[in-house]
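Q: Its first residue numbered 85, the sequence shown is counted upward by one per residue in the working numbering. No residue lacks a Cβ here, since even glycine has one placed at the ideal position from N, Cα and C. From a predicted model like this one, the values you see are computed outputs, not experimental measurements. Before I ask anything, here is the structure I am working with.
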Amino acid sequence: MRRTRCPLVEALRRYAGKGLVPFHTPGHLQGRAAPPVLRRWWGRAVFTADLTEVPGLDDLHAPSGVIRRAEELAAELAGAAHTFFLVNGSTAGIQAVLLSAAGQGEKVILPRTVHRAVVAALVLGGAEPVFLPVHRLEDFAIPLPSPAAAYRDALVQHREARALFAVYPDYYGIAVDLEAVAAVAHSRNLPLIVDAAHGVLFGRHPGMPPGAVGCGADAAVESVHKRAGALTQAAWLHLQGDRLSPVRVQGALQLLTTSSPSYLLLASLDAARQQLAASGALLCRRMIELAAYARAELARFPEVRLLSVPEGYRLDPTRLVLNFKGVGVSGFAAAKVMRRYGVVAEMADFVNVVLLLHPGHRVRDMKALVRAVGAVLAQHPTSPGERMTPPPFPGAPPRRLSPREAWLAPARSVPLPQAVGCVSAEMVAPAPPGVPVLLPGEEVTGEVVAYLRAVSAAGVSVHGAQDPKLKTLCVVR
Numbered sequence: 085m086r087r088t089r090c091p092l093v094e095a096l097r098r099y100a101g102k103g104l105v106p107f108h109t110p111g112h113l114q115g116r117a118a119p120p121v122l123r124r125w126w127g128r129a130v131f132t133a134d135l136t137e138v139p140g141l142d143d144l145h146a147p148s149g150v151i152r153r154a155e156e157l158a159a160e161l162a163g164a165a166h167t168f169f170l171v172n173g174s175t176a177g178i179q180a181v182l183l184s185a186a187g188q189g190e191k192v193i194l195p196r197t198v199h200r201a202v203v204a205a206l207v208l209g210g211a212e213p214v215f216l217p218v219h220r221l222e223d224f225a226i227p228l229p230s231p232a233a234a235y236r237d238a239l240v241q242h243r244e245a246r247a248l249f250a251v252y253p254d255y256y257g258i259a260v261d262l263e264a265v266a267a268v269a270h271s272r273n274l275p276l277i278v279d280a281a282h283g284v285l286f287g288r289h290p291g292m293p294p295g296a297v298g299c300g301a302d303a304a305v306e307s308v309h310k311r312a313g314a315l316t317q318a319a320w321l322h323l324q325g326d327r328l329s330p331v332r333v334q335g336a337l338q339l340l341t342t343s344s345p346s347y348l349l350l351a352s353l354d355a356a357r358q359q360l361a362a363s364g365a366l367l368c369r370r371m372i373e374l375a376a377y378a379r380a381e382l383a384r385f386p387e388v389r390l391l392s393v394p395e396g397y398r399l400d401p402t403r404l405v406l407n408f409k410g411v412g413v414s415g416f417a418a419a420k421v422m423r424r425y426g427v428v429a430e431m432a433d434f435v436n437v438v439l440l441l442h443p444g445h446r447v448r449d450m451k452a453l454v455r456a457v458g459a460v461l462a463q464h465p466t467s468p469g470e471r472m473t474p475p476p477f478p479g480a481p482p483r484r485l486s487p488r489e490a491w492l493a494p495a496r497s498v499p500l501p502q503a504v505g506c507v508s509a510e511m512v513a514p515a516p517p518g519v520p521v522l523l524p525g526e527e528v529t530g531e532v533v534a535y536l537r538a539v540s541a542a543g544v545s546v547h548g549a550q551d552p553k554l555k556t557l558c559v560v561r
C-alpha cells in the first residue's frame, strides 16, 4: 500500500483545495492571473499545482516532509540508499556527483563518448579526464560503450584515479556489462558513477537489462522524463554504499540547482515512481511485445537493418535503431521522409534513425512506423551496390590542456579551416546525442574539421560552439 501512495501529489491536491489567498510567488496566482491563451489551453488545474515552498509542501533543498517521503519511496523502488529529485534534468545530477567525487587535478576514468554534461562538470570542477579507447560498430557507425577490460587497463596506468564513470545504456540503447565494470571499480574501492539517463526502465521486467543500482553503481542518474512519464527536465539521482558522501552530493546539487524548483516537475516524479511501482513490469512487457511486432513487420524491408550488438553487450528491447546505409540514404533524410508521413523519430545520424517506444504506444503506431519506412524506400529506391558512406567519426584529438584550463584561457575566433593545429577553447557537440566531437583543451585536427563540415552541411544542431553554423571556431590564444 505504501508504494502506491503519492505523498507529494496528495499534498499539492490538499493545498490547492483549501481556497487560500496567495500573496506569494508564482505571480499567476494559481491561474487567476495566468496568460489567457494558456489558461484556455491548459485549464486552471496545472496552475493550481504550480506552487512554491509554502507550509506543508516541504523544501527540495532541505527536505523533511512530503518531498523527503517521495524521495524515500523512489529510493526503495530502485534499491538505493538515497534518492534526490532533480528539476534541472540528469545534467545537474551528473555534474553534482562528479563535483563531489573528484576535485581539481584529480583523475576520472570515463568513455570519450560521454554527454556534454560531463564536460561541463570537468570545466566546473577541474577534474582530469582519462578517456578510454573508442571501438565502433562499423556498419552502424556507432561507438560501443567501453567494456570492463578497458577500465581495468586504464587503472593500471592511472592508479591515482578517484572515480570511474560509465554510460548505461547509450543513446542507441546499447548496454555494457555494468556488473563487470562495477567489479573493476570496487576492486580498488573506487566509486562507479553511471549516466543512466536512458535506463530508467531497466530492471523493471525480466526482458530488460538490469538496473544500474542493481548492477552495483554507487551513483546512477536516470532521466525519468525520457521513458517513464515524468515532465521534461524531471530526473532523479540514486546513491548507495559509502564511497560517495550523500551530504557532499546534496551540497553540490544546491550549487547547481535552481532555488525555485518547479513543483510540477517534482509532482511528476512522485507520480511516475508510483506508476513504475504499480505497473512497471506490465508497461515494459507491452513495450517489448510492441517492439517485437515492429521488428517482425520491418523484416519485410531487407534493405533496412535493425541494430544488434556483439557478445558482451545487451540492447534495450524497447528501442528501435534502423540503419539506412544499404538504402543509400542518410538517417537525416530518412527521418525527414518519416516525419512527412506522421512519424517523428527521437534522433537521426548519418546512417541511423532511433525510435523510442513508450507505454502509450499501440499496434496502430507500429503500423504507422512501418508505413513511414516503406515511404522512405519508395522515395529512395536502392540501386544495386549503392551504399551510404558516412563521414568517419574522428578519434579523440590530442589533449593539450585540461577542459577547465582551456575554458578559462584567453580565446579568439578563427575560420574553421584555420583552426587546425590550434587548441579548442570550446566544446562542439552535435545534438542529439550530445556527444562532443571536440572538447576544450583538445587540439583541432584536420579529421575533426572534416567531420564538423559534414555535420554543418547536414544541418545538424550543434551545442557548445559559439558559432552554431561552424564557420568559425573558438580557440585558445
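On the DSSP letters alone, give me the boundaries of the alpha helix (DSSP H) that R357 sits inside.
A: R357 -> alpha helix (DSSP H) spans Y347 to L382.
Q: Can you give the Cα-Cα distance for M85 and G364, rounded to whole angstroms?
A: In this predicted model, M85 has a pLDDT of only 49, less than 50, meaning its place in the structure is not dependable enough to derive any value.
Q: Which residues share a DSSP beta bridge with H547?
A: Beta-bridge pairing links H547 to A513.
Q: Just to confirm the assignment, what range does the alpha helix (DSSP H) spanning E306 have?
A: Unbroken run through E306 is the beta strand (DSSP E), A303 to E306; no alpha helix (DSSP H).
Q: Between which two residues does the beta strand (DSSP E) containing A419 stretch?
A: Counting along the chain, A419 falls outside any beta strand (DSSP E), though it belongs to the alpha helix (DSSP H) covering G415 to R424.
Q: Given Q359, which residues of its chain have a CB within under 8 Å of its CB, disregarding the five upstream and five downstream residues?
A: Taken in chain order, the residues that qualify are A312, G313 and L367.
Q: Would I193 pass as a contact of F169 if the rule is Cβ separation under 8 Å?
A: Not closer than 8 Å, so no.
Q: Assign A159 to one of two classes, buried (16 or more other C-beta atoms within 10 Å of its C-beta) or exposed (fewer than that).
A: Classification of A159: buried, given that the 10 Å Cβ count is 16 or more.
Q: Quick check on P552: buried or exposed, where buried means 16 or more other Cβ atoms within 10 Å of its Cβ?
A: Exposed, by the Cβ-count rule.
Q: Sort out for me which residues DSSP pairs T556 with in a bridge.
A: Looking at the DSSP assignment, T556 forms a beta bridge with P499.
Q: Taking all protein chains shown into account, decide if S329 is buried (16 or more other Cβ within 10 angstroms of its Cβ) or exposed.
A: Label assigned to S329: exposed.
Q: In the DSSP assignment, what residue or residues form a beta bridge with N436?
A: Answer is N407, bridged to N436.
Q: Quick one: what does DSSP say A247 is sitting in, helix, strand or coil?
A: Three-state DSSP puts A247 in a strand.
Q: Can you check which of these residues, D449, E387 and G426, is closest to A375 by C-alpha distance?
A: Of D449, E387 and G426, the residue nearest in Cα terms is D449.
Q: Which residues in the same chain as E94 place their Cβ atom closer than 7 Å to its Cβ, once the five residues preceding and following it in sequence are excluded?
A: None.
Q: What does the alpha-carbon distance come out to for the pair A304 and V278?
A: Approximately 5 Å, taken between the alpha carbons.
Q: For Y235, which of helix, strand or coil comes out of DSSP?
A: Correct three-state label for Y235: helix.
Q: Any contact between the stretch 500 to 518 and the stretch 182 to 202? By contact I mean 3 or more CB pairs, one from each, below 8 Å.
A: Touching, per the Cβ criterion.
Q: Starting from the C-beta of G257, find all residues in its chain whose C-beta is less than 6 Å away, skip the five residues before and the five after it, and write them out in chain order.
A: Answer for G257: L399, D400 and R403, listed in chain order.
Q: To which residues does DSSP link W320 through a beta bridge?
A: DSSP, once it has assigned bridges, lists F169 and E306 as partnering W320.
Q: Give me the Cα-Cα distance between A264 and G295, rounded to the nearest whole angstrom.
A: Distance between the alpha carbons of A264 and G295: 14 Å.
Q: Check whether the Cβ atoms of L349 and V171 lie closer than 8 Å to each other.
A: Yes, the pair counts as a contact, with Cβ atoms nearer than the cut-off.
Q: By how many angstroms is the C-alpha of P147 removed from the C-alpha of R483?
A: C-alpha separation (whole angstroms): 42 Å.
Q: Any beta carbon of chain C sitting closer than 8 Å to that of A301?
A: Going by chain labels, chain C is absent from the structure shown, which holds only one protein chain.
Q: Spell out the partners DSSP gives H219 in its beta bridges.
A: Its beta-bridge partners are L228.
Q: CA-CA distance, M511 and G548?
A: Distance between the alpha carbons of M511 and G548: 5 Å.
Q: Helix, strand or coil, according to DSSP, for K191 in the structure here?
A: Strand.
Q: Roughly how many angstroms lie between the CA atoms of E155 and A318, to the nearest whole one?
A: So the alpha carbons of these two residues sit roughly 13 Å apart.
Q: Quick one: grab the DSSP three-state call for Y397.
A: Three-state result, Y397: strand.
Q: Quick check on V260: does DSSP put it in helix, strand or coil?
A: Strand, per DSSP.
Q: Taking only three categories from DSSP, how would you classify Y99?
A: Residue state, collapsed to three classes: helix.
Q: Whole angstroms are fine: how far does the CA of H309 sit from the CA of H445?
A: Distance between the alpha carbons of H445 and H309 is about 16 Å.
Q: Quick test of your reading: L274 and A250, contact by CB under 8 Å. State the CB separation rounded to the nearest angstrom.
A: Contact flag wrong, Cβ pair sits at about 12 Å.
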